[in-house]
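Asker: Handing you a structure now.
Residue numbers (full-length UniProt numbering): 1 to 414.
This is the structure we're talking about:
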């Protein structure tokens, strides 16, 4: 492996460890301050946060370590050679390789997934899942991911082969209709694989929500509740879909644990995401972001291969064996871009919060629902600044509560 490439990998993992250390230091300091400022905060919330940070750190390291080890050990090229020995078809070769990669990745990450999403959730009283139900959800997710990857995973490599200098542009452009298609079909065909979606049983609540939808000009949107109490004690709601598939989904835990005014307020927030065009912005900007990232991935991967192809066992980026390299570099640039992505997401959440306050007109219900949602998930009032900048897709609870209580109505829907 060329010295420059070795230096890059060494420095990257060193910086990653330093970054994780800084996050732990800042989070521990933040928790000490929260204990002083919010003395009523449950001790469980601090314990849950500390364990959550350890799981986050392990997952972050694993996301880079798995593809790196595939390259470092030559495993990636050996799987490619095995696949080539079984078929002359590029599609079948890619399919065999992708199956091996996904299964190995799944088996490596399964223990930490089990610990984080089952053991810890039960330890802190946040989960209702039986081990059978947990396995059902995990295996369904893996199976669905495997099917999707086998259907389209070969296509980027085909593009790289056909257009080695512009594949990133073509794939970036194609990503927009793919995101649009996924946004349309996911609510109708993917989500019901995991949970049951039914009409809201509380007809008075349904009427109030329909009034909000009419007021917001999207009365054609559907309203559902989902049986998340099968899996969790936590609460949530969301608006999803585009066109005829757009819908508001309320977790049954949200309906069962919040007052009606609070549920209406949360629903108004989700309506705001749609009315303000956040879904469409996400699709278009997602395509732009994908194009930029893929351009950087192309340049970085080709630079890496120039000095390391003999070590890796392949020299062309269109080789299916380059998948771990593509994943590593893609994860690298996504990690670097996280502050921008998270910052933009928080901006959209502020817009939706303002929309909620103007539409629902109940700042007290908005504030109380935010507090209940966070306390119900054992979340702290705020993260450290570095964690917020890098990973928080929503503004911290304390900022949102203060914004709601201090808000002055503008007598119009924003």
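For each residue, glycine too, the CB sits at the ideal point set by N, CA and C. What you are looking at is a predicted structure, and each value in this text was computed from that prediction instead of being measured.
(1) Let me check one thing: in DSSP terms, what residues is residue 242 bridge-paired to?
(2) For residue 219, count neighbouring C-beta atoms within 10 Å of its own C-beta (all shown protein chains included) and say buried if the count is 16 or more, exposed if not.
(3) If I follow the unbroken beta strand (DSSP E) through residue 249, where does it start and stop?
(4) To the nearest angstrom, how far is it from the Cα of residue 383 to the Cα of residue 30?
(5) Between which residues of its own chain and residue 338 is the CB-CB distance below 7 Å, once the five residues before and five after are set aside?
(6) Compute the Euclidean distance between the alpha carbons of residue 142 and residue 233, then round it to the nearest angstrom.
(7) Check for me: the beta strand (DSSP E) holding residue 84 runs from which residue to which?
(8) Taking the beta strand (DSSP E) that residue 226 falls in, what are its first and last residues?
(9) Looking only at C-alpha atoms, which of 406, 393, 407, 387 sits nearest to residue 417?
(10) May I ask you to report which of helix, strand or coil DSSP gives residue 318?
(11) Measure the Cβ-Cβ separation of residue 228 and residue 193 and say whether it is below 8 Å.
(12) Is it buried or exposed, residue 101, if we count other Cβ atoms within 10 angstroms and call 16 or more buried?
(13) In the DSSP output, which residue or residues are listed as bridge partners for residue 127?
(14) Is the separation between the beta-carbon of residue 235 and that of residue 254 shorter than 8 Å?
(15) Only counting runs of 4 or more residues, tell me where the alpha helix (DSSP H) segments fall wholly within the segment 98 to 154, in order along the chain.
(16) Does residue 10 pass the burial test, meaning 16 or more other C-beta atoms within 10 Å, or should it be called exposed?
(17) Inspect the beta-carbon positions of residue 212 and residue 370 and report whether they are closer than 8 Å.
(18) Around the C-beta of residue 217, are 16 or more other C-beta atoms found within 10 angstroms, so that it is buried, or is it exposed?
(19) Can you look up residue 409 in the DSSP assignment and give me helix, strand or coil?
(20) Between which two residues does the alpha helix (DSSP H) containing residue 177 stretch?
(21) Distance, Cα to Cα, residue 269 vs residue 52?
(22) Does the beta-carbon of residue 105 have 16 or more other beta-carbons within 10 angstroms, so that it is buried, or is it exposed?
(23) Does the Cβ of residue 284 have 16 or more other Cβ atoms within 10 Å, making it buried, or fewer, making it exposed?
(24) Could you check how far apart the C-beta atoms of residue 346 and residue 381 are, in whole angstroms? I think they sit under 8 Å.
(25) Going by the DSSP bridge assignment, what does residue 198 pair with across the sheet?
(26) Counting pairs of beta carbons, one from the segment 159 to 168 and one from the segment 312 to 324, are three or more of them closer than 8 Å?
(27) Closer than 8 Å by C-beta to residue 224: which residues in its own chain qualify, once you throw out the five before and the five after it? Chain order, please.
(28) Assign residue 297 to buried or exposed, taking buried as 16 or more other Cβ atoms, counted over all protein chains shown, within 10 Å of its Cβ.
(29) Using a threshold of 8 Å, state whether the C-beta atoms of residue 404 and residue 357 are closer than that.
(30) Please return the same chain residues whose Cβ sits closer than 6 Å to the Cβ of residue 183, not counting the five positions on each side in sequence.
Answerer: In short, the structure shows the following:
(1) Answer is none; residue 242 lacks a bridge partner.
(2) exposed
(3) 247 to 251
(4) 7 Å
(5) 390, 391
(6) 24 Å
(7) No beta strand (DSSP E) holds residue 84; the alpha helix (DSSP H) holding it covers 75 to 86.
(8) 222 to 226
(9) Look at the range of the chain in this structure, 1 to 414, and you will see that residue 417 is not part of it.
(10) coil
(11) no
(12) buried
(13) 232
(14) yes
(15) 120 to 123, 131 to 152
(16) exposed
(17) no
(18) exposed
(19) coil
(20) 167 to 185
(21) 27 Å
(22) buried
(23) exposed
(24) That pair is no contact at about 16 Å.
(25) 225
(26) yes
(27) 197, 198, 199, 200, 247, 248, 249, 250
(28) buried
(29) yes
(30) 242
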